[in-house]
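2 protein chains.
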Amino acid sequence: MSFVIDAAAQDLLFREARTANAFTDEPVTEEQMQAVYDLVKYGPTAFNQNPMRIVLVRSDEARQRLLPHLAESNRAKTASAPMVAILTADNEFHEELPHLFPHIPQVKELFFSERPVREQSAAMNAALQAAYFIVGLRAAGLAAGPMTGFDFAGVQKEFLDDDHTPVMIVNIGRPAENAWHDRSPRLSYDDVVTAV
Amino acid sequence: MSFVIDAAAQDLLFREARTANAFTDEPVTEEQMQAVYDLVKYGPTAFNQNPMRIVLVRSDEARQRLLPHLAESNRAKTASAPMVAILTADNEFHEELPHLFPHIPQVKELFFSERPVREQSAAMNAALQAAYFIVGLRAAGLAAGPMTGFDFAGVQKEFLDDDHTPVMIVNIGRPAENAWHDRSPRLSYDDVVTAV
């Protein structure tokens, strides 16, 4: 069975892509971030809810505020990354639904009037968008270093408001030498799939 | 700014990819599903936890058991899809961590001894894997129709056990004519991104 995208693209996006833990000092620009976002924004979400929001940590001052909230083992990589993105879920995404899902305008009230339902939906769909974003970074030739090893409440208090929940932090750049561990095993198809 | 993958691949994966609501009767094989899984299994998850499990609904009997649990508006598309995948999160994924994350063997006990923590982590990381799977289907030239409009408890009871939580159902095949609505708008970069 053959893929439509070529082997080099398969390798770039998945087979040879790795979570980078160290980066060169080659800059990553906001123009690159916009190109990635403008590609991956088309990835599907439930009711087209688009709950992911992004805080780009650009200034030295902001980075210094971020580092203490990370697990100690994660600080050096984030300190060395030319771009750091805090990916968050907007728990008030439903306000945008009349615009984003125009063919059923009542979805906002019908399904998302309760905050706990919104929080669960935003977390799940922002995770989907985070995965599209990681794939998009790789498609742009950048290495991504997604992390969840940080104090979520601390990062929320430092950078966000009560309506935005952190999903992950992604270190972004060109991989330095020895940027990753050996590849760990994956579960096989037979481990994961059953047919009924 | 240029992507490394070519414009055709960008279009196939994101820009022109659409959630299909109707399918031709061209078969989708388990070999295709294995090729997709064997590509996207490399997508990153926290501690390499790989929590996604997949139930492929192949037999007519199983499909008849699935349809009543779907929102009425989703039944016709799932009835017409040549392949249907129930994507689930394994809340006991931690049992595999000594194998999957060998360089820190204590992760299983250190972080995942509590079931509610595992459920949250499995839901988030299985959502990442679901997104990789959708991208992989598209890379194989297949149309994906992800849905969350179904009775989660009913699908769990019918097809899963207490340790597996549904994440989404994906209809898979070649798109029929008029397989989708007009593209709905997306939030713009400036709506979503702030820099600090």
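Chain order of the listed sequences is A and B.
Just so you know, we're using the working numbering here: the first sequence kicks off at 23 and counts up by one.
Just so you know, we're using the working numbering here: the second sequence kicks off at 23 and counts up by one.
Idealized CB from N, CA, C, for every residue including glycine.
Bear in mind that the values here come from a model prediction, so they are computed numbers and not experimental data.
Nearest to aspartate 204 of chain A by alpha carbon, out of B:Ala149, B:Glu52, B:Asn72, B:Phe123? B:Phe123
Compute the Euclidean distance between the alpha carbons of proline 224 of chain A and glutamine 54 of chain A, then round it to the nearest angstrom. Given a span of 23 to 218 for chain A in the structure shown, any question on residue 224 of chain A remains unanswerable.
Determine, using beta-carbon pairs with one atom in the stretch 149–161 of chain A and one in the stretch 153–160 of chain B, whether at least three such pairs fall under 8 Å. yes
Environment of alanine 200 of chain B [buried if 16+ CB atoms lie within 10 Å]: Before going on, a small fix: residue 200 of chain B reads as asparagine here, not alanine. The residue is exposed, with fewer than 16 neighbouring Cβ atoms inside 10 Å.
Selected residue, minimal CA-CA separation from phenylalanine 45 of chain B, among B:Met146, B:Arg75, B:Asp28, B:Ala101: B:Ala101
Compare the Cα-Cα distances from leucine 61 of chain B to each of A:Gln128, A:Ala217, A:Leu209 and report the closest residue. A:Leu209
Could you name each continuous alpha helix (DSSP H) segment of 4 residues or more that falls completely within the stretch 110–195 of chain B, going from the start of the chain to the end? 119–122, 129–134, 137–161, 174–181
Just curious, the beta strand (DSSP E) that leucine 78 of chain A is in, first and last residue? 74–79
Beta-carbon separation of proline 188 of chain A and valine 177 of chain A under 9 Å? yes
For valine 106 of chain A, write down the residues that DSSP places opposite it in a beta bridge. A:Val79, A:Asn193
Using a threshold of 9 Å, state whether the C-beta atoms of alanine 111 of chain A and arginine 75 of chain A are closer than that. yes
Could you name the residues of the same chain whose beta carbon sits closer than 6 Å to that of phenylalanine 69 of chain B, not counting the 5 residues immediately before and after it, in chain order? Phe123, Val129
Close-in-space but distant-in-sequence residues of the same chain around threonine 119 of chain A (CB under 6 Å, 5 per side omitted): Checking the sequence shown, residue 119 of chain A turns out to be leucine, not threonine. The residues are Val129, Lys130.
Examine chain A for any beta-carbon lying closer than 9 Å to the beta-carbon of glutamate 118 of chain B, and answer yes or no. yes
Mapping DSSP to helix, strand and coil, what is threonine 216 of chain B? strand
By the 7 Å beta-carbon criterion, what residues does the stretch 78–111 of chain B contribute toward chain A? Leu78, Val79, Arg80, Ser81, Ala84
From valine 77 of chain B to glutamine 56 of chain A, what does the alpha carbon distance come to, in whole angstroms? 36 Å
From the beta carbon of threonine 46 of chain B, is the nearest beta carbon of chain A less than 9 Å away? no
Please report whether the beta-carbon of valine 215 of chain A lies at a distance below 9 Å from any beta-carbon of chain B. yes
Per DSSP, which one or two residues make a beta bridge with phenylalanine 45 of chain A? A:Pro197
Report back the beta-carbon spacing between isoleucine 194 of chain B and phenylalanine 172 of chain B to the nearest angstrom; my notes put them in contact at under 8 Å. Actually they do not touch by this definition, with Cβ atoms about 16 Å apart.
Helix, strand or coil for leucine 88 of chain A? Go by DSSP, reduced to three states. helix
Determine the direct distance from the alpha carbon of glutamate 38 of chain A to that of proline 127 of chain A, and round the result to whole angstroms. 43 Å
Give the C-beta separation of alanine 145 of chain B and methionine 146 of chain A to the nearest angstrom, bearing in mind that I take them to be a contact with Cβ-Cβ under 8 Å. 7 Å
Report all residues from its chain with a CB closer than 6 Å to the CB of glutamate 114 of chain B; omit the five preceding and five following residues, and keep chain order. Asp185
Proline 207 of chain B CB to nearest chain A CB: under 9 Å? yes
Interface residues of chain B facing asparagine 72 of chain A [CB-CB closer than 8 Å]: Arg208, Leu209, Val214
With 9 Å as the limit, tell me which residues of the stretch 135–150 of chain A have their beta carbon closer than that to any beta carbon of chain B; keep them in chain order. Gln142, Ser143, Ala145, Met146, Asn147, Ala148, Ala149, Leu150
Expected contact under 8 Å - CB spacing of glutamine 80 of chain B and alanine 217 of chain A to nearest Å: Residue 80 of chain B is actually arginine in this sequence, not glutamine. Confirmed, about 5 Å.
Can you pull the chain A residues whose beta carbon is under 8 Å from the beta carbon of phenylalanine 123 of chain B, in chain order? Ser206
DSSP state of aspartate 60 of chain A, grouped into three classes? helix
Can you round the beta-carbon distance between proline 197 of chain A and alanine 42 of chain A to whole angstroms, since I take them to be within the 8 Å contact cut? 4 Å
Decide if proline 66 of chain B is buried, meaning its Cβ has at least 16 other Cβ atoms within 10 Å, or exposed. buried
Report, in whole angstroms, the separation of the C-beta atoms of alanine 26 of chain A and alanine 162 of chain B, which I expect to be a contact under 8 Å. It should be pointed out that residue 26 of chain A corresponds to valine in this sequence rather than to alanine. Correct: roughly 7 Å between the Cβ atoms.
By a C-beta neighbour count over all protein chains shown, 10 Å radius and 16 as the cutoff for buried, is leucine 92 of chain A buried or exposed? buried
Using a Cβ-Cβ cutoff of less than 7 Å, which residues in the same chain neighbour phenylalanine 181 of chain B once the five nearest sequence positions on both sides are dropped? Val77, Ile108
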